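K.L.:
Letter by letter, the sequence shown follows residues 159 to 252 of my numbering. Backbone N, C-alpha and C fix where the C-beta goes; we use that ideal spot for every residue, glycine too. Predicted, not measured: the structure shown is a model, and the values here were computed from it. For reference, the structure I am asking about is given below.
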Amino acid sequence: MMRASIATAIRAAINDPKKKQRLLEATGWDESMPSKLVQEKPAGITLDKLDALLAALDHVVVTRDYLDAMCTMGKVGMFCECARAGGGECGAGR
159 MMRASIATAI RAAINDPKKK QRLLEATGWD ESMPSKLVQE KPAGITLDKL
209 DALLAALDHV VVTRDYLDAM CTMGKVGMFC ECARAGGGEC GAGR
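Written as structure tokens, this is what we have:
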């Protein structure tokens, strides 16, 4: 499975005028900063801008434990009528 890349999301946002504007507004950067992120010797993103940048990209950070729990609930059935009625677990192979 291919892992989503923040770098790919940033590059895509820089090439989309609406998303680029959202980045600029969220971070307070001037127009030149996005291109500096992707040049041959790129500028860095400072920690004080990281949360704003991720929010502008519609990304959130969650722990692996959270994702593992969501996966388990999805396999079993988050709203499993069978289990709630005492009929055992739903899900693939059950």
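Does DSSP put E239 in a helix, in a strand, or in coil?
P.N.:
E239 falls in the helix class under three-state DSSP.
K.L.:
Look at the Cβ atom of A227, then the Cβ atom of R180, and state whether they are nearer than 8 Å.
P.N.:
The answer is no: Cβ separation not under 8 Å.
K.L.:
Which same chain residues end up closer than 8 Å to R169 when comparing Cβ atoms and leaving out the 5 residues on each side of it in sequence?
P.N.:
Cβ neighbours of R169 beyond the five flanking positions: V196.
K.L.:
Along the chain, where does the alpha helix (DSSP H) containing A184 start, and where does it finish?
P.N.:
First-last of the alpha helix (DSSP H) with A184: P175 to T185.
K.L.:
In whole angstroms, give me the CA-to-CA distance for G202 and G245.
P.N.:
Their backbone Cα atoms lie some 55 Å apart in a straight line.
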